[in-house]
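Peer 1: Here the protein sequences come in this chain order: A and B.
Each residue of the first sequence is one higher than the one before, starting from 6 at the first, in the numbering used here.
Each residue of the second sequence is one higher than the one before, starting from 6 at the first, in the numbering used here.
Below you will find the structure I want to go over with you.
There are 2 protein chains.
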Amino acid sequence: MKLSTKGRYGTRTLLDLALHWGEGLVPLKDIAQRQEIPLPYLEHLIAPLIAGGLIRSTRGPQGGVSLLKPPEEIKLSEVIQLLEGSIAPVKCVDNPDAYPRSDLCATRDIWDEVRKAIDGVLESTTLQDLVERQRQKWNLNRWQDHRKNNAPKEGDNL
Amino acid sequence: MKLSTKGRYGTRTLLDLALHWGEGLVPLKDIAQRQEIPLPYLEHLIAPLIAGGLIRSTRGPQGGVSLLKPPEEIKLSEVIQLLEGSIAPVKCVDNPDAYPRSDLCATRDIWDEVRKAIDGVLESTTLQDLVERQRQKWNLNRWQDHRKNNAPKEGDNL
DNA sequence: GAAATTGTTGATTAAATTGGTCAACTTAGG
DNA sequence: CCTAAGTTGACCAATTTAATCAACAATTTC
């Protein structure tokens with residue numbers, strides 16, 4: 006039941022873009038560095054996000070990627086769907102018709118409830134929620150040790 | 006985010022045992038047949054269930070396995086924990102201390118909420134719930150096509 | 001328009017995980 | 001002592017994961 010790096014890296018990538026919303030194009034190189042994602046891997050990661058209409062990209066100098074919609078209009082459920090496919094814990098929940106006796110299977114019902122529980126969280130969380138949470142954490146951190154003026158500081162995935 | 010066969014087969018195995026609660030030992034061979042699990046694989050599956058104190062086993066003729074506790078005292082959360090390990094979608098949720106800056110990570114919070122959502126379902130579901138759901142399905146099925154007297158019938162994972 | 005910069009695509013690959021098998025062994029019953 | 005079970009450990013094939021590399025396409029800048 007673990008998320009793959011696609012889901013983790015991809016979510017971080019989109020949060021990065023959301024934090025830079027309104028600032029134009031962000032080069033993949035920068036994202037790769039801040040989020041500690043191998044650049045060649047990130048290049049492949051963004052393909053489904055472009056295909057899914059979440060981001061746009063431009064090549065050449067000053068090129069990069071940016072969100073196509075404001076962060077508050079992008080739900081985590083869309084993101085994970087694009088990157089990981091269905092979050093259903095078993096395949097028979099996704100396409101019941103392919104499993105002839107799924108209507109006789111008691112365990113299937115439970116896995117569907119699990120799916121609904123996960124979906125409830127992802128469907129009610131937007132990139133904007135993540136942005137606010139992130140900024141709040143940075144502020145808290147600044148207060149906690151404001152002797153060194155550091156929030157956000159170099160290396161903090163800003 | 007898919008469950009492996011360990012979780013799926015294991016849950017079915019325990020539901021099978023719960024359906025036979027009070028009838029003594031159930032041979033692995035029978036479970037393997039009913040649940041369509043390769044016997045040699047099932048043998049390995051039960052090891053963590055024994056170690057976890059969910060079932061007991063006896064070798065030799067008339068041997069087999071059975072639940073150690075009544076079905077209503079076995080929660081699905083225990084089962085999945087034993088078979089799949091933590092259901093947290095990312096490792097940093099399990100042991101935050103291993104991830105130095107997890108307190109600065111906004112995405113981590115969301116994955117923890119997902120974990121809690123999953124846990125809510127699994128923690129509130131017992132094997133007895135599955136048993137009742139299963140028996141109910143069999144009864145419904147009997148009514149739906151009672152021209153053929155079939156519920157439960159041969160091959161229906163009873 | 002040449003050169004540099006950046007994203008795109010497809011092939012390839014190493015490592016890990018999954019799902020399963022096989023064989024030797026142990027224990028219990030008759 | 002023989003047979004019917006479960007136990008354990010080694011092993012293995014297939015798949016998935018997490019990349020990397022190279023060739024290419026588009027865009028900007030000089």
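The beta-carbon is built from N, C-alpha and C at its ideal position, and this holds for glycine as well.
Hey, how far is the Cα of D124 (chain A) from the Cα of E118 (chain B)?
Peer 2: Taking the straight line from one Cα to the other gives about 11 Å.
Peer 1: Give me the residue from A:Q133, A:D108, A:V95 with the minimum Cα distance to P76 (chain A).
Peer 2: Measuring from the Cα of P76 (chain A), the nearest candidate turns out to be A:Q133.
Peer 1: Give the range of the alpha helix (DSSP H) segment to which L19 (chain B) is assigned.
Peer 2: Start and end: 10-24.
Peer 1: Could you pull the DSSP bridge partners for K80 (chain B) from this structure?
Peer 2: Answer is B:T131.
Peer 1: Taking C-alpha atoms, which residue in A:H49, A:G69, A:T10, A:A37 lies nearest to W26 (chain A)?
Peer 2: Measuring from the Cα of W26 (chain A), the nearest candidate turns out to be A:G69.
Peer 1: At least one CB of chain B closer than 8 Å to the CB of N144 (chain A): is that the case?
Peer 2: Judged by the 8 Å Cβ criterion, N144 (chain A) is not in contact with chain B.
Peer 1: Could you check how far apart the C-beta atoms of Q40 (chain B) and T10 (chain B) are, in whole angstroms? I think they sit under 8 Å.
Peer 2: In fact, because the Cβ distance is near 11 Å, the residues do not count as touching under 8 Å.
Peer 1: L81 (chain B) and G15 (chain B) - do their beta-carbons sit closer together than 8 Å?
Peer 2: No.
Peer 1: Which residue spans inside the segment 51-102 of chain A form an unbroken alpha helix (DSSP H) run of at least 4?
Peer 2: List check, alpha helix (DSSP H) in window: 81-89, 96-99.
Peer 1: Return helix, strand or coil for N155 (chain B), following the three-state DSSP convention.
Peer 2: With a pLDDT of 49 at N155 (chain B), under the threshold of 50, the modelled position of this residue cannot be trusted; read the value that follows with caution. In this structure, N155 (chain B) counts as coil in the three-state DSSP scheme.
Peer 1: What are the partner residues of V31 (chain B), as DSSP defines its beta bridges?
Peer 2: DSSP lists B:V70 as partners of V31 (chain B).
Peer 1: Quick check on K7 (chain B): does DSSP put it in helix, strand or coil?
Peer 2: Here K7 (chain B) sits in coil by DSSP.
Peer 1: Anyone know if the C-beta pair for L30 (chain A) and T63 (chain A) falls short of 8 Å?
Peer 2: Yes, these two residues count as a Cβ contact at 8 Å.
Peer 1: Give the secondary structure of E118 (chain A) by DSSP, where H, G and I count as helix, E and B as strand, and everything else as coil.
Peer 2: Correct three-state label for E118 (chain A): helix.
Peer 1: Among the candidates B:E83, B:H49, B:Q141, whose CA atom is the shortest distance from the CA of D108 (chain A)?
Peer 2: That would be B:Q141, whose Cα lies nearest to the Cα of D108 (chain A).
Peer 1: Going along chain A in order, which residues have a C-beta closer than 9 Å to the C-beta of I115 (chain B)?
Peer 2: Result: T16, L81, V126, L127, T130, D134, L135, R138.
Peer 1: Can you find a CB in chain A that lies within less than 8 Å of the CB of Q40 (chain B)?
Peer 2: No, Q40 (chain B) does not count as interfacial toward chain A.
Peer 1: Taking only three categories from DSSP, how would you classify I36 (chain B)?
Peer 2: Helix, per DSSP.
Peer 1: Exposed or buried, what is W4 (chain A) when buried is set at 16 or more other beta-carbons lying within 10 Å of its beta-carbon?
Peer 2: As displayed, chain A neither begins before 6 nor continues past 163, which places residue 4 (chain A) out of reach and without an answer.
Peer 1: State the DSSP-derived secondary structure class of P43 (chain B), mapped to helix, strand or coil.
Peer 2: If DSSP states are grouped into helix, strand and coil, P43 (chain B) belongs with coil.
Peer 1: Below 8 Å between beta carbons: does that hold for L59 (chain B) and I79 (chain B)?
Peer 2: Contact: yes.
Peer 1: Looking only at C-alpha atoms, which of A:Q139, A:L145, A:S71, A:A111 sits nearest to E137 (chain B)?
Peer 2: Minimum Cα distance to E137 (chain B) is reached at A:A111.
Peer 1: Using a beta-carbon distance below 8 Å, is P94 (chain A) in contact with chain B?
Peer 2: Taking Cβ atoms only, chain B reaches closer than 8 Å to P94 (chain A), which makes this a yes.
Peer 1: In angstroms, rounded to a whole number, what distance separates the CA positions of C97 (chain A) and R106 (chain A)?
Peer 2: Rounded to the nearest angstrom, the two C-alpha atoms are 10 Å apart.
Peer 1: Please check the pair A93 (chain B) and D102 (chain B), which I expect to be a contact at CB under 8 Å, by giving their CB distance rounded to whole angstroms.
Peer 2: 14 Å between Cβ atoms; not a contact.
Peer 1: Would you mind working out which of A:Y104, A:K74, A:L33 sits nearest G57 (chain A), comparing C-alpha positions?
Peer 2: Of A:Y104, A:K74, A:L33, the residue nearest in Cα terms is A:K74.
Peer 1: Drop a sphere of 10 angstroms on the beta-carbon of E48 (chain B), count the other beta-carbons inside from all chains shown, and report buried for 16 or more, exposed for fewer.
Peer 2: Exposed, by the Cβ-count rule.
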